[in-house]
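Respectively, the protein sequence lines represent chains A and B. Numbering that gives the first Met the number 0 numbers the first residue of the first sequence as 0 and each following residue consecutively. Numbering that gives the first Met the number 0 numbers the first residue of the second sequence as 0 and each following residue consecutively. Positions of the beta carbon are idealized from the N, C-alpha and C atoms, including for glycine. In this text the structure is predicted, and so the values were computed from the model without any measurement.
There are 2 protein chains.
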Amino acid sequence: MKYELDQDKELSTQISSAIRDNIINGQLIVNQRLPSESELCDQFDVSRSTVREALKRLAAQNLIRTQRGATGGAFVNKLSFKDAYRQQITTSTLLLSMNAVSFETACEARFALERACIPLAVKRRTPDHLASMRAEIHRQAQPGLTDESFCASDVAFHRTLVDSAQNPIMSYQLAGAVEAIEPLMNMITFTARKREKIVAYHTKIADTIQAKDVLATETALAALAAHTLDLANEVADQRKSRKS
Amino acid sequence: MKYELDQDKELSTQISSAIRDNIINGQLIVNQRLPSESELCDQFDVSRSTVREALKRLAAQNLIRTQRGATGGAFVNKLSFKDAYRQQITTSTLLLSMNAVSFETACEARFALERACIPLAVKRRTPDHLASMRAEIHRQAQPGLTDESFCASDVAFHRTLVDSAQNPIMSYQLAGAVEAIEPLMNMITFTARKREKIVAYHTKIADTIQAKDVLATETALAALAAHTLDLANEVADQRKSRKS
DNA sequence: AAAATTTAATTGTCAGACAATTAAATATCG
DNA sequence: CGATATTTAATTGTCTGACAATTAAATTTT
């Protein structure tokens with residue numbers, strides 16, 4: 000295999016990019032073994048530390064995995080949906096926390112994207128999905144729950160809604176939108192009254208999905224979106240008044 | 000700062016995870032300088048190579064950047080939307096190519112998610128967005144265009160549609176869905192007649208967005224989705240018949 | 001005061017060594 | 001012969017120490 004290297008960057012970056020390109024364009028296929036570290040040293044004419052730093056970069060992106068031992072080495076890794084989910088969630092969470100994204104913007108994105116799942120969710124939801132939703136709703140209604148657990152259950156409910164569309168690509172794409180909002184939601188204090196209201200919306204959503212009523216589900220979700228935004232604004236107002 | 004290390008993994012993995020956790024949970028904030036490599040050697044009681052491999056892992060995820068020189072070091076990187084886009088697109092593309100995702104599934108996800116943008120796009124689209132869409136449509140109608148360029152323009156058109164919702168989180172989330180499908184689309188041969196039809200759909204979509212008609216836009220997009228799926232099935236059928 | 005030089009801190013790269021792991025090859029024993 | 005134990009070889013993981021390259025700050029020179 001031939002490699003073309005950019006100039007003007009660190010060697011380890013050039014090497015990892017070269018190998019990454021070969022994975023993306025299919026010259027290196029899943030489970031294929033890369034040359035051993037010492038062979039790569041020869042090919043790129045660099046030291047082993049440099050090769051290793053390059054390989055660690057690729058490993059961090061789940062593009063390769065390594066095995067020790069006689070038949071070991073670095074292998075092109077099949078990116079699993081699970082790994083992709085995790086990456087997606089990490090990236091989304093960091094993006095939100097580092098870029099001062101408003102709750103409003105994040106909320107808008109989340110509910111808009113979830114709405115996109117409804118027609119498919121209504122068509123394909125199984126009894127299992129419905130049961131999962133009901134289970135989370137039941138959990139959310141329990142009195143002793145901490146705010147954090149309540150939020151986590153909220154996320155689980157919405158994730159089930161997304162998953163019930165049974166399109167793995169959508170589940171993956173939306174993982175970030177659904178999960179990354181959790182830290183923002185965690186800043187809200189959910190009083191018993193507020194929880195009651197949210198539980199009611201969730202129940203409505205589960206009911207309408209069960210009834211296979213797209214329009215009613217969309218309406219219920221929109222109402223929940225509006226309500227969530229209200230809660231967030233309330234928190235923001237409290238902050239402001241406390242400041243002054 | 001204290002670090003808790005998992006056992007049973009490579010040292011460089013443990014260290015990168017520990018630092019990553021501290022970035023995610025906010026103990027290390029944006030632009031903060033990490034301890035120098037030799038300080039990290041002392042803190043974790045490992046060699047410099049090990050520390051460096053850990054840092055390269057973090058750099059590969061855009062979590063840190065490094066600078067040489069007297070005041071250099073590793074700094075917590077502010078994850079930009081641009082970096083996040085690129086990561087998202089790379090991951091999505093690999094996920095699709097490595098997991099034998101059907102065109103149907105990818106297409107379904109893409110159009111469902113795009114549909115989610117329509118209400119916002121209709122509300123917020125600027126003359127610039129409309130002009131961009133028209134420009135891509137014009138480009139798609141040119142006779143000498145290669146199939147690849149046609150696909151690229153198609154992607155650009157849809158990206159503009161998404162961007163016109165003016166929600167950066169949605170743009171980011173959908174970047175993968177919109178772009179990753181391009182390699183799959185590239186397997187389709189777009190005859191003049193087929194292009195005409197797609198251009199007509201795109202025109203319809205631009206028109207209805209301009210007219211701020213949500214329902215009509217949704218209808219047009221749904222029609223385009225159905226048509227795209229037909230094209231893909233045609234290709235699949237040809238493959239099958241050529242085999243037998 | 002400005003420009004040139006030196007210094008010190010830091011990351012990037014190299015070289016060579018040994019430890020740990022693992023599968024395959026080989027030797028041993030019943 | 002067959003099963004088991006041992007050795008071997010290949011490979012990644014880690015350590016040590018060195019030097020190069022880069023950069024900002026400190027110092028010296030003009």
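- Contact between the segment 171-191 of chain B and the segment 92-111 of chain B is established, with three or more Cβ pairs separated by less than 8 Å.
- Ranking B/Ile197, B/Thr49, B/Gln237 by CA distance to the CA of isoleucine 136 of chain B puts B/Ile197 first.
- Within its own chain, the residues whose Cβ lies closer than 8 Å to the Cβ of isoleucine 88 of chain B, once the five positions on either side in sequence are excluded, are Ala174, Gly175, Glu178, Ala179, listed in chain order.
- In this structure, the alpha-carbon of leucine 129 of chain B lies about 7 Å from that of alanine 205 of chain B.
- Between isoleucine 208 of chain B and valine 154 of chain B, the C-beta spacing is not below 8 Å.
- Around valine 29 of chain A, the beta-carbon contacts reaching into chain B at under 8 Å are Met97.
- With a threshold of 8 Å between beta carbons, isoleucine 168 of chain A makes contact with chain B.
- Across the segment 154-186 of chain B, CB contacts with chain A closer than 8 Å involve Ala164, Asn166, Pro167, Ile168, Met169, Tyr171, Gln172, Leu173, Gly175, Ala176, in sequence order along the chain.
- At least one CB of chain B lies nearer than 8 Å to the CB of arginine 114 of chain A.
- Per DSSP, the beta-bridge partners of alanine 73 of chain A are A/Thr65.
- Beta bridge pairing from DSSP links arginine 32 of chain A with A/Phe74.
- Shown here for serine 35 of chain B: same chain residues with a beta carbon closer than 7 Å to its own, the five before and five after excluded, namely Gly72 in chain order.
- CA-to-CA, the gap between methionine 169 of chain A and valine 161 of chain A works out to about 8 Å.
- Secondary structure at isoleucine 18 of chain A: helix, using DSSP grouped into helix, strand and coil.
- The continuous alpha helix (DSSP H) containing lysine 196 of chain B extends over residues 191-209.
- In this structure alanine 83 of chain B does not touch cysteine 116 of chain B by the C-beta definition: roughly 18 Å separates them, more than the 8 Å allowed.
- One thing to note: valine 213 of chain A has its Cβ within 8 Å of the Cβ of proline 118 of chain A.
- Taking the Cβ atoms as the reference, valine 75 of chain B lies roughly 12 Å from asparagine 24 of chain B, outside the contact range of under 8 Å.
- For glutamate 147 of chain A, same chain residues with a beta-carbon under 8 Å away, outside a window of 5 residues either side, are Asn185 in chain order.
- Just measuring C-alpha positions, the residue of A/Pro167, A/Gln237, A/Arg64 sitting nearest glutamate 103 of chain B is A/Pro167.
- The straight-line gap separating the alpha-carbon atoms of valine 50 of chain B and alanine 105 of chain B is approximately 40 Å.
- When the beta-carbon positions are compared, leucine 78 of chain B and isoleucine 18 of chain B stay at least 8 Å from each other.
- Taking a beta-carbon distance threshold of 8 Å, leucine 33 of chain B does not count as an interface residue toward chain A.
- Contact annotation: glutamine 172 of chain B and leucine 112 of chain A have beta-carbon atoms nearer than 8 Å.
- By the neighbour-count criterion, in which 16 or more other beta carbons inside 10 Å mark a residue as buried, serine 37 of chain A falls on the exposed side.
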